[in-house]
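Going down the list, the protein sequences come from chains A and B.
No gaps in the numbering here: position 135 of the first sequence is 1152 in the working numbering, and each next residue is one more.
No gaps in the numbering here: position 227 of the second sequence is 231 in the working numbering, and each next residue is one more.
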Amino acid sequence: MRGMISERLTRKENMFRIIKKSLKTGVVTGKYPRAETPVVPVVQATKDKTKLFRRSLTIREVDTGSCNACEMEMNALMNPVYDAERFGIHIAASPRHADALVVTGPVTVNMERALKDVYMQTPDPKIVIALGDCAINCGMFKGSYAVTGPVERHIPVDVHIPGCPPRPTEILKVLSELRDERRRSDD
Amino acid sequence: MADAQTAMTQLKEAYGASIAEMTPINGTPRLRVIKDDLPQVAHYIHTHPHLRGAMSLLWAVDHRPREARYELCYLFTLSEQKDWLLLCTDLQGDDRLFRSITPHIHAAKWYEREIRDMFGLIPVGHPDMRRLVRHEHWPKGSHPLKKDFRWDTVLERVKGQHAFRRIEGEGVFEVPVGPIHAGIIEPGHFRFSVAGEPIMQLEIHHFWKHRGVEKLFEQQELTAAVSLAERVSGDTTVGHSLAYCQAVESLLHLEVPRRGRYLRSLFLELERLHNHIGDVGAICNDTAYALPHAHCGRMKEQIMQLNDRVTGSRFLRGVNRVGGVGIDLTREQLTQIVAELDGIEPDFTELERILFANASLTDRLETTGVLTEQTAWDHAVMGVVGRASGVDQDIRRDHPFAAYVELPPKAVLYRYGDVRARMRVRLDEIHESIRLIREIQQRIPQGSVLTMPTEVPAQETWALSAVEGWRGEILYVVMAGEQGKIHRCKVRDPSFVNWPAIQWAVLGNIIPDFPLINKSFSLSYAGNDL
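Dropping the structure here:
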């Protein structure tokens, strides 16, 4: 059976194997095509709002009915290639620890209450980022009986990142703009 | 021995009086059964040792305004040759009641509740009559898939609370989780009952993301709805759009050019690859082993960037069209894809070595979240999860589509049904996908990739199509309406079937292992909730 490992390795041998692999792989961070300027620029008022967060931004991601492509791209942001952590962008496990909410998907009838609850739970000052076409204008799901409208109908939105789904580089570009001006990243 | 033909004869002998009509539809035998006798016939198909039909799909159609009747269709897959067998029955006029088959066939449980919510038809005798898709705050009498329910209705919000099944007793606690979770994942609610650490009961309360996809399909034209199918579950863009396209193609009697079929297989395997690699990493991450997660994230990203370079979309959006594919690849691009995979394969094999030499990882994976073969069969579990529990099923082999007639894949099968088995299925399928892509590159014929549709399908004709997406069997039933519109589109992602099975796989495990078990199933919330 392929890949079936019957060989018994000592811990040390496997450790050398791991180190060897890491050396062979090298640094992959930053190996991605750069994004152009964001389609919807971040307004000055929002930048002023995020000044308090200084160089870091802690995000809580809320899915209110997306097709899960936006989630995949948010996850990709945390992989070694994009490694958003190097810019001080963290994902928080609870809205109570977050500076920013990233909301994806049209707001479904069933998720409406949960979204409002999350917004209430996030401490002020906070910003809301609508990620993807669905969150901005409901996309393909506009008008459906099960969709109550875009995120903006329920909670105030500060930043829009259009795309279906937006590429991780595009998301990163916008998130970088929200961080302190003096320490702009190389992207 | 038990192909569909012999099954038909057998059924005619046993239940001749209950069967009103026998006609094949697109090669699938269809029996029209008298409504009240259906549970017996279904039970016979399900339990007869020569047939052992697994419940594959159950859907309803509202035939109004043309005819005042509802139709219920039950699709079975016979266990030996994987032939399909379809049972249909009618609910005439104002009849709203049908007999539930769930007491005998567990796999029907969610389908029947779904039909009750969406059509207002009542499965008499169903052991669980709570709402499923419509949460309790939906007003009474709102059944979205009825033809007299407008697609853009604004729903009122009424008071109501979901009643969870409760276990009470000394030291029994309830742990609610969700709908919003700690990671970057989709919303869903899990209610655990625990005594100490082990889980005594898990109840899954989903459908938070219900967007009304099936109703939205009914507003679209047959040839235009591909982009909606791509957004049913974003990570399965190719799988869903391909299943939809195939259904429409058989309605329009379109023949997809050979090169187009090869490219479809290529894209489907690329999608399988990046998702499987990502899942392997995520499973390791849930055991707090971050190194493989980083490596897998890197390789997954490599494939998604490759997708972007050759098709302009990281998710391969827009490649499938009705009649073929929208993008042709040059010889250089094909070589480029294979060259990239030639780099990834040894890279990944090295990682596999590292993984399985790690005792603390295998310790977490083995005997965790066991889904037994019997439970898997009872719930008609499929895809990766099924193949890890001894359910030998792969649509690419059983009902070949795209180019799989000429490129038969080797189906992977494990029997332990634990997290490790589900991981092993993925590892083997990764190698198999790479092999298939190499073969596609070598054997792809020249020619066109797209046939343009010319005719409009006759009203009320319908077609069934199945695709082995990376999670498992994706089924689409598309019925043509007037003037090239869709009358009904039933979408079935494998997640809809596999979600309930988690409730059994976690029993006796500890809550900290739940994320691991959940990840090893890797199911879609969006594809389930529709």
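Glycine residues also receive a C-beta, built at the ideal position from the N, C-alpha and C atoms.
Buried/exposed call for residue 1069 (chain A), threshold 16 Cβ in 10 Å: exposed
Among A:1042, A:1121, A:1067, nearest to residue 1155 (chain A) - alpha-carbon criterion: A:1121
Sheet register partners of residue 208 (chain B) (DSSP bridge): B:194
Inter-residue Cα distance where the pair is residue 1018 (chain A) and residue 416 (chain B): Only weak support is given to the placement of residue 1018 (chain A): the predicted model assigns it a pLDDT of 43, under 50, and the value that follows is read from those uncertain coordinates. Distance between the alpha carbons of residue 1018 (chain A) and residue 416 (chain B): 11 Å.
Per-residue DSSP class, three states only, for residue 428 (chain B): helix
Partners in chain C for residue 1035 (chain A), counting only beta-carbon separations shorter than 8 Å: Within the model displayed, chain C is absent; protein chains A and B are what it includes.
Test: residue 301 (chain B) CB closer than 8 Å to a CB of chain A: yes
Straight-line gap, residue 444 (chain B) to residue 531 (chain B) (C-alpha atoms, nearest Å): 29 Å
From B:88, B:82, B:69, B:17, residue whose alpha carbon lies closest to that of residue 32 (chain B): B:88
Beta-carbon contacts of residue 58 (chain B) that lie in its chain and below 6 Å, excluding the five residues immediately before and after: 81, 384
Residue 1100 (chain A) versus residue 1108 (chain A) - alpha carbon distance: 12 Å
Inter-residue CB distance, residue 1135 (chain A) and residue 1079 (chain A) (contact presumed, cutoff 8 Å): 5 Å
Inter-residue spacing [alpha-carbon to alpha-carbon] between residue 485 (chain B) and residue 219 (chain B): 13 Å
Nearest-angstrom Cα separation, counted from residue 447 (chain B) out to residue 278 (chain B): 23 Å
Residue range of the alpha helix (DSSP H) that includes residue 51 (chain B): 42-51
Continuous beta strand (DSSP E) stretch holding residue 92 (chain B): start and end: 88-96
Minimum Cβ-Cβ distance from residue 309 (chain B) to chain A less than 8 Å: yes
Endpoints, the beta strand (DSSP E) within which residue 81 (chain B) is located: 73-81
Closest Cα partner of residue 1152 (chain A) within the set A:1168, A:1182, A:1115: A:1168
CA nearest to the CA of residue 459 (chain B), picked from B:282, B:259, B:524: B:259
Other residues of its chain near residue 112 (chain B): CB distance less than 6 Å, five sequence neighbours each side excluded: 59, 62, 105, 106
Minimum Cβ-Cβ distance from residue 106 (chain B) to chain A less than 8 Å: no
Three CB pairs or more closer than 8 Å across the stretch 243-258 of chain B and the stretch 411-427 of chain B: no
Top-ranked residue by Cα proximity to residue 187 (chain B), from A:1036, A:1039, A:1119, A:1179: A:1119
Coil, strand or helix - residue 491 (chain B) by DSSP: strand
Segment limits, alpha helix (DSSP H) that includes residue 265 (chain B): 262-289
Within 7 Å of chain B by C-beta, residues of the stretch 1144-1171 of chain A in sequence order: 1157, 1158, 1160, 1161, 1162, 1163, 1164
Nearest-angstrom Cα separation, counted from residue 1084 (chain A) out to residue 236 (chain B): 6 Å
First and last residue of the uninterrupted alpha helix (DSSP H) at residue 244 (chain B): 241-256
Straight-line Cα distance separating residue 41 (chain B) from residue 310 (chain B): 54 Å
CB of residue 345 (chain B) within 8 Å of CB of residue 267 (chain B), strictly: no
Beta-carbon proximity of residue 177 (chain B) to residue 198 (chain B), cut-off 8 Å: yes
Distance CB(residue 2 (chain B))-CB(residue 526 (chain B)) smaller than 8 Å: Outside the displayed range of chain B (5 to 534) lies residue 2 (chain B), so it cannot be described from this structure.
For residue 18 (chain B), three-class secondary structure by DSSP: helix
Chain A residues whose Cβ lies nearer than 8 Å to that of residue 362 (chain B): 1031
Cutoff 8 Å; reference residue 116 (chain B); Cβ partners in own chain excluding five residues on either side: 62, 104, 105, 106, 127, 130
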